[in-house]
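Colleague: Residue numbers (the UniProt record's numbering): 1 to 455.
#1: Per the DSSP calculation, residue 98 is bridged to which residue(s)?
#2: Name, in chain order, the residues that DSSP records as bridge partners for residue 104.
#3: Which of the three DSSP states, helix, strand or coil, is assigned to residue 511?
#4: Below 8 Å on the Cβ atoms is my contact criterion, and I expect residue 137 with residue 403 to pass it. Report the Cβ-Cβ distance as a whole number of Å.
#5: What are the start and end residues of the alpha helix (DSSP H) that includes residue 288?
#6: In its own chain, which residues sit with a C-beta less than 7 Å from the C-beta of residue 276, not counting the 5 before and 5 after it?
#7: Leaving out the 5 sequence neighbours to the left and right, which residues in its chain are closer than 7 Å to residue 114 when beta-carbon positions are compared?
#8: Considering only their Cβ atoms, is the gap separating residue 256 from residue 139 smaller than 8 Å?
#9: Within the 8 Å Cβ cut-off, does residue 256 reach chain D?
#10: If I follow the unbroken alpha helix (DSSP H) through residue 141, where does it start and stop?
#11: Using the Cα positions of residue 162 and residue 186, report the straight-line distance between them to the nearest angstrom.
#12: Just curious, the alpha helix (DSSP H) that residue 310 is in, first and last residue?
#13: Ordered along the chain, which non-local residues of its own chain (more than five positions away) have a Cβ less than 6 Å from that of residue 350?
#14: Taking the alpha helix (DSSP H) that residue 325 belongs to, which residues open and close that run?
#15: When you compare the CB positions of residue 104 and residue 112, do they come within less than 8 Å of one another, or not?
#16: Is it buried or exposed for residue 127, if we count other Cβ within 10 angstroms and need 16 for buried?
#17: What's the gap between the Cα of residue 339 and the Cα of residue 417?
#18: Could you check how far apart the C-beta atoms of residue 306 and residue 197 are, in whole angstroms? I think they sit under 8 Å.
#19: Using three-state DSSP, classify residue 146 as helix, strand or coil.
#20: Verify the contact flag: residue 112, CB atom, against every heavy atom of the ligand FAD, threshold strictly below 7 Å.
#21: With a CB to CB cut of under 8 Å and the five nearest residues on each side skipped, what residues in its chain are close to residue 295?
#22: Over the uninterrupted alpha helix (DSSP H) stretch that includes residue 195, give me the two end residues.
#23: Quick one: grab the DSSP three-state call for residue 14.
#24: From residue 248 to residue 300, what does the alpha carbon distance come to, in whole angstroms?
#25: Could you tell me the distance, in whole angstroms, from the CA atom of residue 145 to the CA atom of residue 316?
#26: Which class does residue 85 belong to by DSSP, given the choice of helix, strand or coil?
#27: Taking contact to mean at least 3 C-beta pairs separated by less than 8 Å, is the region 388-395 in contact with the region 344-363?
#28: To the nearest angstrom, report how far apart residue 259 and residue 100 are at their CA atoms.
#29: Give me whichever residues DSSP pairs with residue 113 in a beta bridge.
#30: What residues in its chain sit with their C-beta under 6 Å from that of residue 182, if we drop five residues either side in the sequence?
#31: Kindly list the residues whose CB is nearer than 7 Å to the CB of residue 288, restricted to its own chain and excluding five residues on each side of it in sequence; keep chain order.
#32: Go through its chain and collect everything with a Cβ distance to residue 386's Cβ below 7 Å, but skip five positions before and after it.
#33: Label residue 172 either buried or exposed according to how many other C-beta atoms from any shown protein chain fall within 10 Å of its C-beta, with 16 as the threshold for buried.
#34: CB-CB under 8 Å to residue 378, same chain, minus the five flanking residues each way: which ones, in chain order?
#35: By alpha-carbon positions, which one of 284, 293 and 311 ends up nearest to residue 278?
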């Protein structure tokens, strides 16, 4: 690609990312106005350069240009890891801080490799900001991990034990997946709050994220009110695609919840099996120590060793059950709730449009009645109100058409990502099962000659 206009700038950096995706980070003086023409051998694309507000705006503004490829999906060279959970403070005022490391060649960022410290409320604050910006216009905002009052209280006031360490690791993994899903979204990646979250050494303290605060209770009340309001809205759906997709996600949600519950039971049973296997190994070892017959004693001792190894296998497989499969299902239960949320927003947008139309109709009826009265001032006021309402009706129709268009694109992207995620996780999960069974066979085959040697 090339641009024809002379640039009065101190720095110009152009970076091509993957096929069909172009990001141009340019530092210009704020008053600079540009127009680009991108060319290739097959077609000509005209694209517009739009200002992108950034928290980094010193004397310069940063601009970004994105050419979206129609086929092949969005792809970004970025990886985020959440690591090194660290308890900060004591007692109920304590909190966990996490190291968030970003490695990328995306030109949106100042550096290729950088790290910051973030607490859990920062993640919740980020999601809240993104949801307030994008949810009402039809974008699917990945949900942040849910708060756990019981789990976090144990971490705050209790000593480090297996259950608290397990809770911290599960939360760390969930936060990492949340950030990766967020930056995989082509719109959310460029949001200034996302950039600030990943790059800024200090963040403003996130507020209203406590589950038991007055704000938290207010959120629950608002959700209940929205649920009641949703039941009262009867939308005349004229688009078969939306009707079909809503039914599809309702069914998918129900089946995922059932499977998720089953896999959670599987994880619990696998852990119980591990505990019972360890107890069996201990009992076999004690019996071997009490046995006078040398060959039998040796066989029992080796059986105990094998069972100890199998105990570790069961623990590893229980972790694979959870992290590779159960967490995937849990994530998508919450993600589908987010998808259903944008459908609800579309319904609200439609209702707002219909309300404006009803008000307009009433005002026109009032105008017709005023035509026969000698009240010119009131008639003129009504005419002005009608003009304003006509604008609101037109805007409402545009908003409804736009959110419908956005949701179609978002659902298409979501479905592609869902298939990729499930394929990758299921393959890894099956590989873990195969590896566990192969290792189990090796342990028993190695022990079998010792058992046959008993005489």
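Cβ coordinates follow ideal geometry from the N, Cα and C atoms, glycine included.
From a predicted model like this one, the values you see are computed outputs, not experimental measurements.
Modeller: With the structure as the only source:
#1: 118
#2: 78
#3: The structure shown does not extend to residue 511, since the chain is modelled only from 1 through 455, so no value can be given for it.
#4: 6 Å
#5: 240-290
#6: none
#7: 102 and 199
#8: no
#9: Structure shown: chain D not included; a single protein chain is present.
#10: From DSSP, residue 141 is part of no alpha helix (DSSP H); its letter is neither H nor E.
#11: 39 Å
#12: 294-320
#13: 235 and 400
#14: Premise fails: residue 325 is in no alpha helix (DSSP H) and is neither H nor E.
#15: yes
#16: buried
#17: 13 Å
#18: Actually they do not touch by this definition, with Cβ atoms about 49 Å apart.
#19: coil
#20: With respect to small molecules bound, the structure shown includes none, and the ligand FAD cannot be examined in it.
#21: 453, 454 and 455
#22: 192-199
#23: Interpretation of residue 14 is limited by its pLDDT of 36, a score under 50 that renders its predicted location unreliable; the figure taken from the coordinates is listed afterwards. Residue 14: coil per DSSP, three-state reduction.
#24: 56 Å
#25: 24 Å
#26: strand
#27: yes
#28: 32 Å
#29: 103
#30: 142 and 188
#31: 297, 300, 301 and 304
#32: 360, 363, 364 and 367
#33: buried
#34: 370
#35: 311
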